[in-house]
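One structure is given below, encoded as structure tokens.
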Amino acid sequence: MTEALGTTAVVEAGGGEREQRTGLEWREAGLRSPVTYDPAVVEVVLGSAPDLFALVEQDAGKPESARVALFGLAFDGWSEVVAADGSARSSIGRAEELLGAYADSTDVTGQLVWITPDLVLKKLLA
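For the sequence shown, my numbering assigns the number 2 to the initial residue and increments by one for each residue that follows.
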């Protein structure tokens, strides 16, 4: 499959500035796959790919104390989680079940943060 790496795309950069990049520049910046896949393969992968999330803990009422406790992959009906420091991992039911550990706490709260394309792009463009 041939890909037009010379085509340009416009993206909004920091401060509201707009810039143009060619497909090759996107690839060199790590924003495009180094391999071009058949569209049917891409469709199968995207249709079954898990959603990514983080469980963020913070002291009640103190957002500046926020810390990532774990990262997870949410599949259809179950999730795989890994402690942010790599010390533990586990399979669980739905990701939302993790919040039950904070239900009775008045000191610490937990929040699921779904890692969406806009958050990934923000990290990549930083």
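The beta-carbon is built from N, C-alpha and C at its ideal position, and this holds for glycine as well.
Would you check if the distance between the CB atom of residue i and the CB atom of residue j is smaller than 7 Å?
| i | j | result |
| --- | --- | --- |
| V57 | Q112 | yes |
| A85 | L71 | yes |
| T107 | Q59 | no |
| L53 | I116 | yes |
| G73 | S80 | yes |
| A41 | V114 | no |
Which term fits residue i, buried or exposed, when burial requires 16 or more other beta carbons within 10 angstroms of its beta carbon?
| i | result |
| --- | --- |
| A96 | buried |
| A5 | Low confidence applies here, because A5 scores a pLDDT of 46, under 50, leaving its location unreliable; read the following figure in that light. A5 should be labelled exposed. |
| L99 | buried |
| V45 | exposed |
| V82 | buried |
| A127 | exposed |
Given this structure, state the Cα-to-Cα distance separating residue i from residue j, to the nearest angstrom.
| i | j | result |
| --- | --- | --- |
| G94 | A75 | 9 Å |
| G130 | A61 | Given a span of 2 to 127 for the chain in the structure shown, any question on residue 130 remains unanswerable. |
| E65 | G78 | 32 Å |
| K124 | V36 | 22 Å |
| D105 | S34 | 44 Å |
| K63 | D39 | 48 Å |
| V121 | R90 | 23 Å |
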